[in-house]
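S.K.: Positions 8 to 122 (the numbering used here) are the ones given, in order, by the sequence shown.
All C-beta atoms, glycine included, are put in the ideal place defined by N, C-alpha and C.
None of the values given here were measured: they were computed from a predicted structure.
Quick one: structure below, then a few questions.
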Amino acid sequence: MNIFKQLALGGHLTKMTNWMEAIEHTRRTMPIGAGGGIDSLPRDQQARAIRELEAGMAALSKYPRHVITAELIKNRQVALQFGRHMRADAIGNLLEHLIAQNIALGAEDFLKSYA
């Protein structure tokens, strides 16, 4: 993959991870039973998050699924090494969402084919 595609991929994953981290933050800081999640963000941020997450998924769908999975696994490991556990959880949530949308490979398929 050329450098420009790598940079674009990194940019999309960073934006999406930032939103997932903001959502994860609401889950951790809202009182029990108050929810958390995207609905707990202010309305303008909800709309922006949805817009940017959808745009990111459209852009990521042009990349091979194993590349998306590999990048997110690498990013999660780096976050954990720096003690950024909430970001690591957000990356995990993003990966699960992308797997459900058939944009990334699940762990079993990834390990069978690319490990």
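Below 8 Å, can you find three or more Cβ-Cβ pairs linking the region 20-31 to the region 52-63?
M.R.: Verdict: yes, contact present.
S.K.: Assuming Asp96 is part of the alpha helix (DSSP H), what are its boundary residues?
M.R.: The residue labelled residue 96 in the question sits at position 89 within the sequence shown. Note, Asp96: alpha helix (DSSP H), His92 to Ala107.
S.K.: What does the Cβ neighbour count give for Arg35, buried or exposed, with the cut at 16 atoms within 10 Å?
M.R.: Position 28 of the sequence shown, counting from 1, holds the residue named residue 35. That one is exposed.
S.K.: How is Ile45 classed by DSSP in three states: helix, strand or coil?
M.R.: Within the sequence shown, numbered from 1, the residue matching residue 45 stands at position 38. Ile45: helix per DSSP, three-state reduction.
S.K.: Note down, in chain order, each residue of its chain lying with its Cβ closer than 6 Å to the Cβ of Asn100, except the 5 sequence neighbours on either side.
M.R.: What you label residue 100 is simply residue 93 of the sequence shown in a count that begins at 1. So the list reads Met27, once near-sequence residues are dropped.
S.K.: Out of Lys69, Ser120 and Glu61, which one is the CA nearest neighbour of Ala15?
M.R.: Position 8 of the sequence shown, counting from 1, holds the residue named residue 15. When each option's Cα is compared against that of Ala15, the closest is Lys69.
S.K.: Could you give the first and the last residue of the continuous alpha helix (DSSP H) run that contains Leu60?
M.R.: Here residue 60 is taken as the residue at index 53 of the sequence shown, counted from 1. Residues Arg50 to Leu67.
S.K.: How is the alpha helix (DSSP H) around Ile124 delimited, first residue to last?
M.R.: Outside the shown range of the chain (8 to 122) lies residue 124, about which nothing can therefore be said.
S.K.: Applying the 10 Å Cβ sphere with the 16-neighbour rule, what's the burial state of Arg58?
M.R.: Within the sequence shown, numbered from 1, the residue matching residue 58 stands at position 51. Arg58 comes out exposed.
S.K.: Have a look at Met8, Met64 and Ser47 and flag the residue whose alpha-carbon is nearest the alpha-carbon of Ile110.
M.R.: Locating residue 110 in the sequence shown gives position 103, counting from the first residue. When each option's Cα is compared against that of Ile110, the closest is Met64.
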